[in-house]
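Written out below as structure tokens is the structure these notes cover.
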Amino acid sequence: MHTRSSREGPTLIKPILGATQVRKVSTLAPKEKITRPLDVDFSQIGRDGYQLVRGFGLDTARLETELCRVSGGKLFFSARLGSFVHEFRVLPYSDNLSEQAACGGYHTDFMFQPHPPAFVALLCLRPDPKHPVYGRNQVVHRDAFLERMNSIYGVTQTDLLERNIDYSFPGRVPISLPVLQRFGDQLILTLHTSLMPTGNLAAFDNRPLKMMIDAVCSEVAQDVVLDRGDLLIVSNHAALHRRSECTLAFNAADRSFASREMATIRFDR
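Numbering-wise, the sequence shown is residues 958 to 1226 according to this note's numbering.
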């Protein structure tokens, strides 16, 4: 999680406007492409939980500029990385969940922060070596999740609002959060199945909530395949997301691993 601090909201920055205006003569080189502004459909994201933009490109500086414009400068800054953009790849060994090859858990980003960002943008810089079978993304809309939790298991919206889950970390005091929270005039999801206790939970009538959530999400998830240069924008309030299992390909010539590479920016509106 990469906000400027655990208590601060988004950092406001100004869009980078560097385009030179001319009247009649184009200054573009013959092979240079004219790029269109990023069109974020917030209505679609609210309805489906995500928007997929095919062929955005690999320019992370452009991604930052476009999202800065779209969000009015409300990008989330990572003090640890010193950047608004977080680039990462799957590694053979890592303690960071985003860098592990194993299937990720359904979650929302910055879930332990008092003001989680509204959106997460995920840009595919390099797909999985065994693309498109591995390294896929799944998105679960809040409304489908709540309906199935109730119809299958009898777990109501009120249960998820009022019953907390304890997340434990070595050497730290446990953090207690409900799966669902009121945030302004909306309900937002705050959970991470990879960090959630795996056994039966007393707060949920001694039932295995993590297994229940995984089962429901696997039924209603939308499966998204990202090609190189594709951009996925996910609602971090009205949806859960994860990525499937990834692979690595060893290059004997330089003794390196090729793997899935991504860039992400979190932002508000």
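No residue lacks a Cβ here, since even glycine has one placed at the ideal position from N, Cα and C.
Tell me which residue opens and which closes the alpha helix (DSSP H) that residue i is part of.
i: S1192; result: That residue, S1192, is in no alpha helix (DSSP H); its beta strand (DSSP E) goes 1188 to 1192.
i: E1119; result: 1114 to 1119
i: C1025; result: 1017 to 1028
i: Y1007; result: Unbroken run through Y1007 is the beta strand (DSSP E), 1007 to 1010; no alpha helix (DSSP H).
i: S1108; result: 1099 to 1110
Buried or exposed for residue i, please, with buried defined as at least 16 other CB atoms from any protein chain shown within 10 angstroms of its CB.
i: L1189; result: buried
i: Q1143; result: exposed
i: V982; result: Here the model assigns V982 a pLDDT of 45, short of 50, so the residue's position is not dependable, and the following value carries that caveat. That one is exposed.
i: S1192; result: buried
i: A1178; result: buried
i: D1116; result: buried
i: D996; result: exposed
i: A1196; result: buried
i: G1006; result: buried
i: I1002; result: buried
i: L1038; result: exposed
i: V1077; result: buried
i: T1155; result: exposed
i: S1028; result: buried
i: T1147; result: buried
Does the distance from the C-beta atom of residue i to that of residue j stay below 8 Å?
i: P1074; j: R1223; result: yes
i: G1186; j: L1079; result: no
i: H1194; j: I1145; result: yes
i: M1106; j: V1181; result: no
i: T1017; j: V1042; result: yes
i: S1055; j: F1045; result: yes
Quick one: what's residue i bridged to in DSSP?
i: F1140; result: Q1143
i: Q1095; result: D1180, R1199
i: R1223; result: V1077
i: L1158; result: R1164
i: D1123; result: S1133
i: S1040; result: S1035
Taking residue i as part of the beta strand (DSSP E), name the residues at either end of that continuous run.
i: A1172; result: Here A1172 belongs to no beta strand (DSSP E); instead the alpha helix (DSSP H) covers 1166 to 1177.
i: S1133; result: 1132 to 1135
i: H1043; result: 1043 to 1046
i: S1213; result: 1213 to 1216
i: A1078; result: 1076 to 1083
i: L1205; result: 1205 to 1208
Using only the heavy atoms of the ligand GTP, determine whether one of them is closer than 7 Å to the beta carbon of residue i.
i: L995; result: Within the structure as shown, the ligand GTP is missing, as the structure has no ligands at all.
Stretch-stretch touch, CB-based, cutoff 8 Å, three pairs: the stretch 1197 to 1208 with the stretch 1084 to 1098: Yes, since at least three Cβ pairs between the stretch 1197 to 1208 and the stretch 1084 to 1098 fall closer than 8 Å, the two stretches touch.
Meets three-Cβ-pair contact criterion under 8 Å: the stretch 1018 to 1028 and the stretch 1056 to 1068: With the cut-off at 8 Å, the stretch 1018 to 1028 and the stretch 1056 to 1068 do not touch.
Inter-stretch contact at 8 Å, needing at least 3 Cβ pairs: the stretch 1053 to 1062 / the stretch 1132 to 1151: These segments touch.
Stretch-stretch touch, CB-based, cutoff 8 Å, three pairs: the stretch 1116 to 1128 with the stretch 1156 to 1170: yes
Validate contact between the stretch 1082 to 1092 and the stretch 1207 to 1222 using beta carbons, cut 8 Å, 3 pairs: With three or more CB-CB distances shorter than 8 Å, the stretch 1082 to 1092 counts as touching the stretch 1207 to 1222.
Any 3 or more C-beta pairs closer than 8 Å across the stretch 1102 to 1118 and the stretch 1004 to 1019: no
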